[in-house]
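Engineer:
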Amino acid sequence: MSATAPGRGRMLTYDKVAAVCVVGAHKVSADPFQALDDLGFSLAPNAVSHLGREAMHETDYQDYAATPEASAVATATLATNTVHLVRHLKTNSYSAS
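In structure tokens, the structure reads:
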């Protein structure tokens, strides 16, 4: 994406915040994170939630009766940190280069 905001000298996606929820390991989130960063989105700390488990596990995420605690904690952290960054950028946007 190369579109810039008129008069601002920066990409339209600056001040936009992204997060990623995946089922899989860290590599599964690394590619979307890099793409979002390349497009100018901001990512809060711990802006990923994933169902981490050993490879080739027989239980699919949809088959769990309840969200595993580690995933629930990671998702809550993702939400808290992402909302914090959104609120910060609403009043403190990135400056032009």
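Under our numbering, the first residue of the sequence shown is numbered 2, with each subsequent residue one higher.
Each residue gets a CB set at the ideal place from its N, CA and C atoms; glycine is no exception.
Given the structure is predicted, the values throughout are model-derived calculations rather than measurements.
Three-state secondary structure (DSSP) at residue 33?
Structural biologist: Looking at residue 33 - three-state DSSP - the assignment turns out to be helix.
Engineer: Do residue 45 and residue 18 have their C-beta atoms closer together than 8 Å?
Structural biologist: Yes, the pair counts as a contact, with Cβ atoms nearer than the cut-off.
Engineer: Please classify residue 51 as buried or exposed, where buried requires at least 16 other C-beta atoms within 10 Å of its C-beta.
Structural biologist: Classification of residue 51: buried, given that the 10 Å Cβ count is 16 or more.
Engineer: I'd like to check one pair, residue 81 with residue 42: are the Cβ atoms closer than 8 Å?
Structural biologist: Not closer than 8 Å, so no.
Engineer: For the beta strand (DSSP E) holding residue 80, just list the boundary residues, first then last.
Structural biologist: Note, residue 80: premise wrong, no beta strand (DSSP E); alpha helix (DSSP H) at 70 to 92.
Engineer: Find out if the Cβ-Cβ distance for the pair residue 94, residue 16 is shorter than 8 Å.
Structural biologist: In this structure, residue 16 lies closer than 8 Å to residue 94 by Cβ.
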